[in-house]
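Numbering follows this note's numbering, in which position 247 of the sequence shown is assigned residue number 247; successive positions increment by one, without gaps.
This report concerns only the one structure given below.
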Amino acid sequence: MRVACTVAGMAGAALLSLVIQADAEDPTRYMDFNDWPDSGTNLGAHTHLSWTVQTGRVWDVDAYEGKSALLPGSAGTTNYIQSPFFSNGYGTISFEYARGTNGYTPAQLGLQSSADGTNWTTLDVASNFAGTAYRNYSRFYFHPAGSYLRICNLTNTLEDCVCILLDEGFADGINPPPGWTFTGISSSYFSLGNYGREPPSLKFDNTGDQIITPHLDQPTNLVYWLKGQVVDSNSYLLVEATPDDIAWTIVASNCPIANQARTNSYALASNIIRVRFTYGKSQGNLAFDDVIIQGMPCPPGALQDLRLDQINIETAELQRVQNFDNWPTEYAYGYYEYKGWSVSNALIDTFYAYSGQTVRLRDGTDSKYVLSPFLPDGLGLVSFRYRHWDGTNPVVAYALQTSPDGLAWTDQDTVSISSATYSNYSRFFNISNGVYVRLLWISGEERVLFDEISLGPFLESAPEIPQGLTASDGEDLDCVRLNWSDVAEEAGYAVWRNVSNTVETASIVGASGADGTNYNDFTALPGQLCYYWVTAMNALGTSDWSNVDDGYRRLATPTNFTASEGTYPDKVMLTWDDTLGEPGFGLWRHPDNDTNAASCIGGVGADTLTFDDTTAVPGQGYYYWVRASNLTSSSMSDFSACAVGYRAQDPTAPDATIIGLAMDSNITIFTFGNTGAIPWSIQPYFSTNLPEPALPWQPILSFNQTLTDGTNAVSFALPAPTNIPIFYRMLFTKP
């Protein structure tokens, strides 16, 4: 959910208007006041959708959009807007705010949180109210514990005070605040010592770079912060003021500019309506920040009203892994923030990305960095991808730094970058206290890219044993899918595999990063039953093995399956293409195209791609299927596409055999019958003694055979003397 708050003012009255915007799944985190009852326009206490406006009103007067909430000035924190209780805490908080127009008293609002709705802690105070134009407040928080939030009008002016007309810290960098005019400002300073109260400061780096304030009402004094960046004695900052936007007079000329930070203060005439600052460069640059313009003293009791609108309270989210894929694409070098991360002098796009989007830090000597959010549970394993823009000189160096407060930084390591291909950085830092982490440019004026940054937490011990490991059983053709429950303080997981339930001889087949609870094993052979284990690991050690679970890849279905169609009288020949990982194939048959009723008629071993069905009834057509099989997992592939085949019908034997002619020494035998399309092979035999021949039947080796009109005539010479009986027989053989 998001919360946005806006404060604006109008003539004679000050308003605080509040609009809350929620995520779709949690509508109470969004409140824009537009559907509040009209009774909310009366000053008092109002509640709607568990939100409360205490001592205020909801109306459309000077709202940022639609209706808004107004909080009058008060002596303390009695006037506020309070959220419902958010059980999952809060993350980034943003809102639009402005002050009223009932005076120029100091205007400030407080952002507070409470676990019980009674004891409140101030998270931040906003006091840079410039005129009545709305401004945006946005700040990253990570607070996962259940909380209430409220925004209070902290204005409490019971005696004469200084009126602050303008208090600008340029939090949005090169983007002009409301009412300001920027010319030539294209960069900012974020490095420690080069900004005023908070980063960034504006960078003046060319002659003519200029900024002009919004319109002022009876100013009395001007204060600003500046610091030279290797400037010489001829560089200057010209400060001018105008009463009419036409004629400009010099307030001050800062020349020479000191190379140390300082704050300058000058009186302003009450008729001045704008102030401008112009840089003249001889050498070096200028860091400029924190413009404060005071006005006429306020009378006692002039309490300042506040307006807020579009409050946005997000859920707590700490991103220890940053791959920049979800960042808005930014094609211009600048300062950008997302979910507590920030980059300076960088852009976000897909060019040369390791994957998706990446961050590219510019060349040159300007300060540039990648900065993490505050990591409350310390720092463990640090890893990231990095590469040089084109691999040519110079070598670029970045410091890996940590800081407990974002101000004082400690160098932990230096990364030298020279290759135009991505390298991987990985190092363990066991820092127990909460820290920020920063990659800060040191040397080398060339572009550098970073991606897949991972900042693991502080580790107190080796991780616990992962629980609940499951492996898929033939659900996928391409992999075995593994899932398990996450454990604390792990930097990653190792996946082990064996073909037997013996963990001591298992091998690592893959890994998963921190918080990863799944792995797909694409290297397992299809159908092969495998046993799996998972171990968790961090820099302090490795857990014991998890529970075991077995799983396997589904066997691929054989393809190009064919069956012979009457080609052979003694069989139907089946053929198919090989598949991966199968120890064998099973063959299935049925007279109808019905796999549910089909029967297995046999099988063959691995890599055998033919099968002869000799049990088929001749002339009977059959539907056939083949399935790959693996006994280790007791699994089979899906049925192949069916093939239709049949065994050839046996031909009919000849009807009769007679001796057609016996003359002298020649014998001719005629056979009648089905000798047409598939002729029978004929072999004549003779014997001289029947029925119990002394000699076995002897083949007649030399004979002539002719086929005419379905009649075979076989003739041969007399095989024995004519003075004894001779018996003949014919052997017919089908092809």
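Glycine included, each C-beta is placed from N, C-alpha and C at the ideal position.
Span separating the alpha-carbon of residue i from that of residue j
i, j, result
"E452", "L381", "13 Å"
"T542", "L455", "19 Å"
"Y728", "F686", "4 Å"
"D244", "T122", "42 Å"
"F324", "E464", "31 Å"
"C33", "G66", "The amino acid occupying residue 33 in the given sequence is Phe; Cys does not appear at that position. Their backbone Cα atoms lie some 8 Å apart in a straight line."
"E736", "K339", "There is no way to answer for residue 736, as the model of the chain reaches only from 1 to 735."
"F95", "G110", "12 Å"
"I273", "P176", "18 Å"
"E490", "G356", "26 Å"
"L222", "D209", "20 Å"
Top-ranked residue by Cα proximity to residue i, from the options
i, options, result
"V487", "S546, S87, A556 and G364", "S546"
"N88", "H143, P404, A69 and N119", "H143"
"G620", "Q649, G91 and A598", "The question names Gly, but residue 620 in the sequence shown is Gln. With distances taken between Cα atoms, Q620 lies closest to Q649."
"Y335", "F374, A258 and A171", "A171"
"V534", "G527, T557 and N498", "N498"
"I682", "N689, V714 and T688", "V714"
"Q63", "A641, S39 and R135", "Correcting the residue type first, residue 63 is Ala in the shown sequence and not Gln. Checked all of A641, S39 and R135; the closest Cα to A63 is R135."
"E317", "P721, Y97, V509 and Y141", "Y141"
"C163", "R262, L303 and D209", "L303"
"D570", "W248, E582 and V617", "V617"
"S788", "A353, F429 and Y436", "As displayed, the chain neither begins before 1 nor continues past 735, which places residue 788 out of reach and without an answer."
"L400", "D390, N393 and Y386", "Y386"
"Q108", "D232, R307, S201 and L222", "R307"
"P376", "N206, F86, M31 and V435", "V435"
"I601", "I700, F611 and N593", "F611"
C-beta atoms of residue i and residue j nearer than 8 Å
i, j, result
"Y568", "P591", "no"
"G179", "A133", "yes"
"L555", "D578", "no"
"K203", "S187", "yes"
"V784", "P558", "The structure shown does not extend to residue 784, since the chain is modelled only from 1 through 735, so no value can be given for it."
"I257", "L216", "no"
"R553", "D638", "no"
"V644", "A536", "no"
"L482", "N430", "no"
"W409", "P373", "no"
"A471", "D549", "yes"
"G280", "N259", "no"
"F182", "L226", "no"
"L469", "Y532", "yes"
"S282", "S235", "yes"
"Y624", "E565", "no"
Where residue i falls, given that 16 or more other Cβ within 10 Å makes a residue buried
i, result
"L580", "exposed"
"P725", "exposed"
"T460", "Sequence inspection shows Glu at residue 460; the Thr mentioned does not correspond to that position. E460 comes out exposed."
"P297", "exposed"
"N538", "buried"
"P721", "exposed"
"L149", "buried"
"T263", "exposed"
"N312", "buried"
"G193", "exposed"
"E504", "exposed"
"R427", "exposed"
"T365", "exposed"
"Q322", "buried"
Three-way DSSP call (helix, strand, coil) for residue i in this model
i, result
"S738", "Any question about residue 738 goes unanswered here, given that the chain covers just 1 to 735."
"T736", "Only positions 1 to 735 of the chain appear in the structure, and residue 736 is not among them; the question remains open."
"E504", "helix"
"T579", "coil"
"R320", "coil"
"T410", "strand"
"R447", "coil"
"R139", "strand"
"R589", "strand"
"T28", "helix"
"R554", "coil"
"D570", "coil"
"S629", "strand"
"Y531", "strand"
"V231", "coil"
Min CB distance residue i to chain D below 8 Å
i, result
"P256", "Note that chain D does not occur in the displayed structure, where there is just one protein chain."
Any non-hydrogen atom of the ligand PLP within 7 Å of residue i CB
i, result
"E330", "As for the ligand PLP, it is missing from this structure, which has no ligand bound."
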